[in-house]
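Numbering (our numbering), first residue to last: 599 to 806.
All C-beta atoms, glycine included, are put in the ideal place defined by N, C-alpha and C.
Here the structure is laid out as structure tokens; the discussion comes afterwards.
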Amino acid sequence: MTKHVMTPLVSTAVTAEQIRKLQKLLSARLREFGFPSETKLVQWALETQGSAIADEMVAALSKRVWAMKRVIVRSVRVNRLRTPQKALDATGHQQYATNPAVVALMPQGEGEEEIDVYFFYSSFVSDAEVEKEYALCGLVPADPYSLAAVNEDDPSFVVDHPNVTHWKDTSGKWYSAAFYEWDGERRVSVNYLGPDPHRNWWCAGLRE
Numbered sequence: 599m600t601k602h603v604m605t606p607l608v609s610t611a612v613t614a615e616q617i618r619k620l621q622k623l624l625s626a627r628l629r630e631f632g633f634p635s636e637t638k639l640v641q642w643a644l645e646t647q648g649s650a651i652a653d654e655m656v657a658a659l660s661k662r663v664w665a666m667k668r669v670i671v672r673s674v675r676v677n678r679l680r681t682p683q684k685a686l687d688a689t690g691h692q693q694y695a696t697n698p699a700v701v702a703l704m705p706q707g708e709g710e711e712e713i714d715v716y717f718f719y720s721s722f723v724s725d726a727e728v729e730k731e732y733a734l735c736g737l738v739p740a741d742p743y744s745l746a747a748v749n750e751d752d753p754s755f756v757v758d759h760p761n762v763t764h765w766k767d768t769s770g771k772w773y774s775a776a777f778y779e780w781d782g783e784r785r786v787s788v789n790y791l792g793p794d795p796h797r798n799w800w801c802a803g804l805r806e
């Protein structure tokens, strides 16, 4: 098992290589986007509001960078050949308020057996709002197999990091898998409803 925390951010200058990468990305997007045929309008905006535009670009980058500061990472091996029920059983957590019909629908995910699962701290208000937080961190929700593997690998993880992921079916209905500790008992809940909004959660994600 490999545990590590993202390197804490400190105030430092952006490197020349990072600036070049940002310039390359911006150039490509500007060419793709297109502007009014009157090129004087672009020039006018740059001359009169260039500093404000630059400030907005820096603020957008800063918002995403600082969102990633709160991310922690766990590296685990995922057994995707198990049935959904066996994936939960392997964690050793008490299956509380778990709906067997939803367990059977748990997506297995795909990809390498050994993966990095990323977690960010969130007050789980609604599935739609949490999706915005995933996007801000450059992540997509982890499949429940990957999340179960983290809790199987380290059953004590839930003590300080109650963790959750969610997924949506083709009809748009949300489901969730949540691992947590309650009254000294380590539990997992898989159901139609989202997790308790009064609890602060570590949302599990994978790199896009």
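Burial state of residue i, where buried means 16 or more other Cβ atoms lie within 10 Å
i, result
"T689", "buried"
"W800", "buried"
"A746", "buried"
"G803", "buried"
"S754", "exposed"
"V581", "Since the first residue shown for the chain is 599 and the last is 806, residue 581 is missing from the structure and cannot be characterised."
"Y778", "buried"
"V612", "exposed"
"S744", "buried"
"V756", "buried"
Alpha helix (DSSP H) segment containing residue i, residue limits
i, result
"D725", "D725 to L734"
"V748", "P742 to D751"
"L620", "A614 to F631"
"Q683", "P682 to D687"
Backbone CA spacing between residue i and residue j [nearest angstrom]
i, j, result
"D687", "K771", "25 Å"
"V671", "V762", "14 Å"
"L734", "E727", "11 Å"
"Y719", "K730", "13 Å"
"E806", "S774", "20 Å"
"V676", "S721", "27 Å"
"R618", "R629", "17 Å"
"Q616", "R627", "17 Å"
"Y732", "D725", "10 Å"
"L624", "V738", "23 Å"
"V748", "P742", "10 Å"
"D568", "R680", "There is no way to answer for residue 568, as the model of the chain reaches only from 599 to 806."
"A740", "H764", "8 Å"
"T768", "T637", "44 Å"
"K622", "K684", "47 Å"
Element boundaries [beta strand (DSSP E), containing residue i]
i, result
"E715", "The question names Glu, but residue 715 is Val in the sequence shown. Per DSSP, V715 belongs to the beta strand (DSSP E) from E712 to S721."
"L804", "N798 to R805"
"A776", "W772 to W780"
"S673", "I670 to R675"
"S787", "E783 to N789"
"P739", "L737 to P739"
"N761", "N761 to K766"
Close Cβ partners of residue i (< 8 Å) along its chain, the five nearest in sequence each way excluded
i, result
"F717", "V669, I670, V671, R672, H759, N761, W800, C801, A802 and G803"
"I651", "A643 and L644"
"R678", "Q706, G707, E708, E711 and Y743"
Other residues of its chain near residue i: CB distance less than 6 Å, five sequence neighbours each side excluded
i, result
"T696", "S787 and V788"
"K766", "W772"
"A776", "V762, S787 and P793"
"N798", "S721"
Same chain only: Cβ atoms within 7 Å of residue i, ignoring 5 sequence neighbours per side
i, result
"Q693", "L686 and V786"
"P682", "V701, A702 and M704"
"V640", "F633"
- Query: Can at least three beta-carbon pairs, one atom from the region 685-705 and one from the region 783-792, be found at a separation below 8 Å?
  - Reply: yes
- Task: Could you say if the region 638-651 and the region 705-719 meet the contact criterion of at least three C-beta pairs nearer than 8 Å?
- Result: At 8 Å Cβ cutoff, the stretches do not touch.
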